[in-house]
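Step one of this worksheet: look at the structure below.
Residue numbers (the numbering used here): 97 to 507.
Shown next as structure tokens:
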């Protein structure tokens with residue numbers, strides 16, 4: 097891994113602006129996510145309530161995600177992103193006010209989480225498909241991995257900062273910091289210099305666009321296999337994050353600082369995985385990496401579930417993040433290289449629908465099982481299911497990548 101390979105996307109001014117703004121904004125987002133989980137658990141003491149908030153925040157992506165992809169293919173992506181960031185900023189500011197005024201109730205947290213989910217249904221596929229407009233196809237795989245590194249670096253910085261702020265000021269301050277952080281990414285997007293796209297023919301209707309996107313995904317074996325793998329991993333593999341407040345508070349007997357440590361450890365593993373993926377010189381071998389990432393993630397979850405102490409649990413959760421990052425970045429890259437330019441938004445909306453949209457069912461599943469069996473047993477079961485998913489659809493991804501014609505080197 098050379099420095100020139102690792103940061104090759106930084107040659108593009110637009111990407112540098114994007115990277116800087118997203119790092120600030122996502123750090124605030126993870127502060128809010130950590131504080132929101134702690135607020136709900138403090139108010140209710142219920143793992144099921146945590147699952148309900150997770151469900152509310154993610155189910156709109158599953159229901160509305162494909163419509164978000166259609167918008168991304170029909171409208172200027174930068175304008176859509178700026179509008180989405182502004183709406184998310186208003187949501188964070190309102191939640192901060194309610195918390196500081198001591199009027200916040202769990203149903204309000206659920207409602208705000210659902211509103212943010214609607215925004216994400218448009219923002220996520222737009223953001224994913226916007227990358228190629230900043231760096232071109234040559235540096236696409238590197239930019240995808242660096243984008244993931246932003247996200248997961250924020251997963252380290254945000255929870256650590258939230259753990260300190262929670263014990264000092266309270267949840268409202270974390271929500272306020274997040275609201276202000278959106279100004280950074282809005283400023284970065286506004287300052288970009290983008291080439292004017294050539295005029296497009298009159299677009300088809302929304303229904304026809306939806307049907308075209310679904311038909312293309314179904315008829316492409318590699319895309320079908322990737323989406324099946326993502327569905328399983330999202331359902332059973334990523335829902336452990338919902339239960340981290342239970343592990344920190346009940347299993348290990350620590351407060352907000354323990355929650356910040358566990359969340360940051362998972363983020364550190366994902367950051368290492370993102371840097372590993374960004375340092376790859378070319379888009380090759382991603383089918384095998386997706387399979388191996390799923391295996392590593394499942395095995396690490398089983399170890400985490402059986403850890404006897406907070407610090408050993410933090411160590412065990414690091415490879416969970418690494419495996420998840422290797423899998424998701426590989427799948428993201430393969431999908432974007434398979435998709436035509438005029439359909440990339442819809443293909444990436446399917447990616448975000450299943451990545452984010454299956455997670456609410458995983459959150460309900462994890463919350464319900466934890467209420468019945470306890471958090472450690474639940475995470476152990478979900479980790480075993482993740483291993484099974486890697487051995488099934490994970491292998492199918494590798495086989496399909498070998499036969500994918502112009503992207504056969506991805507295997």
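The beta-carbon is built from N, C-alpha and C at its ideal position, and this holds for glycine as well.
Beta-carbon spacing of residue i, residue j below 8 Å
i: residue 366; j: residue 421; result: yes
i: residue 277; j: residue 124; result: yes
i: residue 483; j: residue 394; result: yes
i: residue 360; j: residue 265; result: no
i: residue 459; j: residue 150; result: yes
i: residue 348; j: residue 409; result: yes
i: residue 381; j: residue 144; result: no
i: residue 406; j: residue 354; result: yes
i: residue 475; j: residue 397; result: yes
i: residue 345; j: residue 478; result: no
i: residue 231; j: residue 164; result: no
i: residue 467; j: residue 270; result: no
i: residue 209; j: residue 152; result: yes
i: residue 246; j: residue 119; result: yes
i: residue 319; j: residue 311; result: no
Supposed contact pair residue j and residue i - C-beta distance, whole angstroms, cut 8 Å
i: residue 222; j: residue 177; result: 6 Å
i: residue 327; j: residue 454; result: 5 Å
i: residue 242; j: residue 131; result: So it is not a contact: roughly 27 Å between Cβ atoms.
i: residue 442; j: residue 166; result: 6 Å
i: residue 390; j: residue 325; result: 7 Å
i: residue 339; j: residue 462; result: 6 Å
i: residue 358; j: residue 343; result: 6 Å
i: residue 452; j: residue 154; result: 5 Å
Proximity winner among the options, relative to residue i (alpha-carbon distances)
i: residue 489; options: 313, 425, 113, 321; result: 321
i: residue 413; options: 369, 382, 386; result: 369
i: residue 216; options: 182, 242, 227, 197; result: 182
i: residue 448; options: 427, 461, 485, 142; result: 427
i: residue 207; options: 148, 128, 399; result: 148
i: residue 158; options: 143, 133, 469, 445; result: 445
i: residue 364; options: 435, 417, 385; result: 417
i: residue 105; options: 127, 432, 233; result: 233
i: residue 272; options: 121, 467, 355; result: 121
i: residue 117; options: 303, 388, 281, 433; result: 281
i: residue 194; options: 475, 248, 345, 267; result: 267
i: residue 435; options: 309, 115, 172; result: 309
i: residue 291; options: 317, 226, 336, 254; result: 226
i: residue 224; options: 425, 284, 210; result: 425
i: residue 137; options: 450, 350, 341; result: 341
i: residue 471; options: 198, 450, 247, 337; result: 337
i: residue 236; options: 486, 485, 432; result: 432
i: residue 303; options: 285, 197, 249, 170; result: 170
i: residue 388; options: 315, 172, 486; result: 486
i: residue 286; options: 199, 179, 108; result: 179
i: residue 450; options: 220, 198, 199, 197; result: 220
Residues of its chain near residue i, where Cβ-Cβ distance is below 8 Å and the 5 sequence neighbours each way are ignored
i: residue 297; result: Legend: pLDDT at residue 297 = 43, less than 50; position of this residue unreliable, value from coordinates given subsequently. Cβ neighbours of residue 297 beyond the five flanking positions: none.
i: residue 437; result: 228
Chain-order list of residues whose beta-carbon lies under 6 Å from that of residue i (same chain, five-residue window excluded)
i: residue 102; result: 374, 375
i: residue 493; result: 321, 322, 325, 383, 386
i: residue 399; result: 412
i: residue 502; result: Residue placement at residue 502 is poorly supported in this model, since its pLDDT is 46, which falls under 50; the coordinates still yield a value, given next. The answer is none, since no qualifying residue turns up.
i: residue 283; result: none
i: residue 392; result: 415, 419
i: residue 250; result: 122, 123, 126
i: residue 248; result: 363, 366, 367, 370
i: residue 256; result: 356, 360
7 Å Cβ shell around residue i - same chain, five flanking residues per side excluded
i: residue 288; result: 110, 113, 174
i: residue 294; result: Because residue 294 sits at a pLDDT of 48, beneath the cut-off of 50, its placement in the model cannot be relied upon, and the following sentence gives the value as read from the coordinates. Result list for residue 294: empty, nothing under 7 Å.
i: residue 352; result: 134, 259, 262, 263
i: residue 184; result: 212, 215, 278
i: residue 275; result: 185, 188, 189, 192
i: residue 139; result: 202
i: residue 481; result: 332
i: residue 146; result: 133, 136, 137, 338, 341, 463
i: residue 204; result: 194
i: residue 403; result: 409, 412
Next item on the list: Scan the region 262-291 and note each continuous beta strand (DSSP E) run of 3 residues or more that stays entirely inside, going in chain order.
Entry: Taking 3 residues as the shortest admissible run, the region 262-291 contains no complete beta strand (DSSP E) segment at all.
Please list the segments of the alpha helix (DSSP H) lying wholly inside the region 318-400, counting only runs of 4 or more residues, in order along the chain. Whole alpha helix (DSSP H) segments, 4+ residues: 352-374.
**Request:** With a floor of 4 residues, list each alpha helix (DSSP H) that falls wholly inside the region 107-186, ordered by position along the chain.
**Result:** Assignment of alpha helix (DSSP H) within the region 107-186, counting only whole runs of 4 or more residues, yields 109-140, 143-170 in chain order.
I'd like the ranges of any alpha helix (DSSP H) spanning at least 4 consecutive residues and lying wholly in the region 418-450. Taking only runs of at least 4 residues, no alpha helix (DSSP H) segment lies wholly in the region 418-450.
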